[in-house]
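Below you'll find the structure, written out as structure tokens, and then a few comments.
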Amino acid sequence: MNFRHLAQPCRIGSLEIKNRMAVTAMGVNLAEADGSCGDKIIAFHERQAKGGAGLIILGVPGVAWPDGGNQPRQIAISEDRHIPGLKTMAEAIHAYDAKVIAQIHHGGMVSAQDMKEGRPVWIPSYPKPADMDLFDHMLPHEMNAFFDPEAPPINMHVMTKEDIEILIAKYAAAAARAKEAGIDGVEIHAGHGYMISGFLSPSSNTREDEYGGSFENRARLLVEIIAAVRQAVGGDFPISCKLDSKEYGKDSGITIEDAIATAKLVQDEGVNAVTVTAYHDAGRGALHSESHTPHLPDHNVKSAAAIKQAIDLPVIASGRIEPESADQFIGSGRFDVVSMGRKVLADPDLPNKIVAGAIEKIRPCVYCYCCISQIYVLKQVKCAVNPETGYEQERQLIATDQPRRIAVVGGGPAGMEAALRLNERGHRVSLFDSGKKLGGTLAFASIAYEPNGCLLHWLRQQVA
695 MNFRHLAQPC RIGSLEIKNR MAVTAMGVNL AEADGSCGDK IIAFHERQAK GGAGLIILGV
755 PGVAWPDGGN QPRQIAISED RHIPGLKTMA EAIHAYDAKV IAQIHHGGMV SAQDMKEGRP
815 VWIPSYPKPA DMDLFDHMLP HEMNAFFDPE APPINMHVMT KEDIEILIAK YAAAAARAKE
875 AGIDGVEIHA GHGYMISGFL SPSSNTREDE YGGSFENRAR LLVEIIAAVR QAVGGDFPIS
935 CKLDSKEYGK DSGITIEDAI ATAKLVQDEG VNAVTVTAYH DAGRGALHSE SHTPHLPDHN
995 VKSAAAIKQA IDLPVIASGR IEPESADQFI GSGRFDVVSM GRKVLADPDL PNKIVAGAIE
1055 KIRPCVYCYC CISQIYVLKQ VKCAVNPETG YEQERQLIAT DQPRRIAVVG GGPAGMEAAL
1115 RLNERGHRVS LFDSGKKLGG TLAFASIAYE PNGCLLHWLR QQVA
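My numbering numbers the first residue of the sequence shown as 695 and each following residue consecutively.
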């Protein structure tokens, strides 16, 4: 198949991007303990740039870190000491002709690290009582991340106008640091229940001052942040904005009509692109697979297309969009850039393989939620089908200077993966299995869950 639309260059403001394939912003818990970008997270994103992505969006660099943090190892951009690591990151990505945007972020009401460490949790207004079933979907050892008998009580702090002024200044300063570090642009994260979406949503914002009530008032914080960021970085520096198209499971939550109005508003305020996402009631476990990381293919495309029709800006869409579909959607004008998370974790070389027309060589994502579940329990990202994800330095394949004949016994997924990796290192490998077909228990797992069959087919094809 010819992916001519995905392979086309595009622009976000003054920024030219070599293709229409982006790596979506993800919190991955790979930064250093002080929030700086060290070798581990730089290697993670450098590998994606090497794989051909045109744009990499750095997930959740905290503008007020450690305040407002929702992960123990998230990137920080709150102090000048964070600039050198970000500069090294930008240089590593630019070496492969990819561009990088920093997604500036404050966790607001879902600042898990503030809750855990006893800092005030800045919120627009006191939250409604939660109808929570999240822990019904967790194993006992996963729940341990949320329960600490020595943890201090949670301190919710309704923001004053002085707090809001401080917050706006922090966003502006963070954007200026990104520019100084050689980052190509910033994305203002106004979704996913974080600080700005907490103000935008009528479900969570019940303020009675100029920052609550009407749509214009609820959007005031976002408008003022955009203005401050623009003043800090100048007129030519690209700014995008990530918006929820819908809040699932929330009474009086954000609707597509709200999202369209917000998209028009940020366009008027001088933003250069809009990333379309969705969110949900974070306390309800089943909804996590219906919003920003959907299980249904193309789940958010309809919303992205509606917003694209309403504005004259590039629209970035994500949410289980297969390459074939993405190419068609871009060609028909439903959005401009596809932003991929899980797929690129499974195979960072996906963009290069698409450009080369080698789609059959793409290691498939099975949409098992292993990657994101790691983040929910405050651990580093990993992938069920790619052993290198999150371990790009430790597990990179190095060609051997002493090739050997090696026998791998057992033709299940682990055996096939071991055989592939040994072969890539330059060894002569023989794979043995007692069954008539390779696959082991993955063959049975494919009956219960169809995407596993894609992985089984790919592994068999690669070792053939």
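All C-beta atoms in this analysis are idealised placements derived from N, C-alpha and C, irrespective of residue type, glycine included.
When you compare only the Cα positions, how much space is there between alanine 727 and aspartate 930?
33 Å
If we count Cβ pairs, one from each stretch, closer than 8 Å, do we get three or more for the region 785-794 versus the region 761-777?
no
Quick one: which unbroken alpha helix (DSSP H) runs of 4-plus residues sit fully inside the region 738-798? Chain order, please.
777-788
What is the DSSP secondary structure of asparagine 849, reduced to helix, strand or coil?
strand
Between the alpha carbons of leucine 1150 and alanine 725, how many angstroms are there, rounded?
33 Å
For serine 997, which of helix, strand or coil comes out of DSSP?
helix
Does the contact criterion of 3 or more C-beta pairs under 8 Å hold for the region 916-927 versus the region 863-873?
yes
Grouping DSSP H, G and I as helix and E and B as strand, with all else coil, what is phenylalanine 893?
helix
Does the distance from the CB of leucine 937 to the CB of valine 970 come in under 8 Å?
yes
Does the beta-carbon distance from valine 1038 to alanine 747 come in below 8 Å?
yes
Can you list, in chain order, the stretches of the alpha helix (DSSP H) that have 4 or more residues and sit fully within the region 1016-1097?
1017-1025, 1036-1040, 1044-1049, 1064-1070
Looking at C-alpha atoms only, which residue of Ser946, Phe893, Asn966, Arg1098 is the closest neighbour of glycine 928?
Asn966
Under 8 Å between C-beta atoms of leucine 1125 and alanine 1108:
no
Let's see if you can read the secondary structure: which residues bound the beta strand (DSSP E) around methionine 715?
715-717
Find out if the Cβ-Cβ distance for the pair alanine 1040, asparagine 1080 is shorter than 8 Å.
yes
State the DSSP-derived secondary structure class of glycine 879, mapped to helix, strand or coil.
strand
So for valine 640, helix, strand or coil by DSSP?
Not covered by the structure: residue 640. The range shown for the chain is 695 to 1158.
Please identify the residue among Ala913, Asn696, Ser891, Glu785 whose C-alpha is closest to the C-alpha of isoleucine 750.
Glu785
Count the other C-beta atoms from every protein chain shown that fall within 10 angstroms of the C-beta of serine 1026, then say buried if there are 16 or more, exposed otherwise.
exposed
Contact defined as beta carbons within less than 8 Å: I believe methionine 853 pairs with proline 818. What is the distance between those atoms, to the nearest angstrom?
6 Å
Going by the DSSP bridge assignment, what does leucine 709 pair with across the sheet?
Ile706
DSSP three-state call for tyrosine 865: helix, strand or coil?
helix
DSSP on aspartate 938, reduced to helix/strand/coil?
strand
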